[in-house]
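What follows is a single structure, written as structure tokens, with notes after it.
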Amino acid sequence: MHSLDGEGKKKLLARLARIEGQVRGLHRMIENDRYCVDVLTQVSAVRSALKKVGLQVLDGHVKGCVRTALESDEDAGDDAIIRELLAVIEKFTD
Numbered sequence: 149m150h151s152l153d154g155e156g157k158k159k160l161l162a163r164l165a166r167i168e169g170q171v172r173g174l175h176r177m178i179e180n181d182r183y184c185v186d187v188l189t190q191v192s193a194v195r196s197a198l199k200k201v202g203l204q205v206l207d208g209h210v211k212g213c214v215r216t217a218l219e220s221d222e223d224a225g226d227d228a229i230i231r232e233l234l235a236v237i238e239k240f241t242d
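Terminal number for the sequence shown in my numbering: 242, no gaps in between.
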């Protein structure tokens, strides 16, 4: 099951396109020898934007995939589903 569809998917793709533009801007900043603090400020902005994308994907995963798996009669069991979710959260918060 995939929890990204419709309008939510369109918004995420638009956000990723903006982030892509920010990264290209960072590239130009470094090529043009911009002040380090300005570059670092933009790096921070990109990281923050990516974190928001990750949180949206995680929200969709929990509300869609995880909920569906917990409500189904799959053999995986609730413990396995929860372990997988915790592993994903651990990776994301690294």
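Just so you know, even glycine gets a beta-carbon here, dropped at the ideal spot from N, CA and C.
**Item:** Buried or exposed by the 16-neighbour rule on C-beta atoms within 10 Å, applied to V250
**Value:** Any property of residue 250 remains undetermined from this structure, which presents the chain solely from 149 to 242.
**Message:** Between K159, V214, R176, which has its C-alpha nearest V187's C-alpha?
**Reply:** R176
**Message:** Given this structure, state the Cα-to-Cα distance separating R182 from L174, to the nearest angstrom.
**Reply:** 9 Å
**Asked** Can you tell me whether DSSP reads G172 as helix, strand or coil?
**Response** In the sequence as displayed, the identity of residue 172 is Arg instead of Gly. DSSP places R172 in helix when its eight states are reduced to three.
**Request:** Note down, in chain order, each residue of its chain lying with its Cβ closer than 6 Å to the Cβ of A217, except the 5 sequence neighbours on either side.
**Result:** I229
**Message:** Within the continuous alpha helix (DSSP H) that includes L218, where are the two ends?
**Reply:** 215–219
**Prompt:** Taking C-alpha atoms, which residue in V205, V210, K239 lies nearest to L164?
**Reply:** V205
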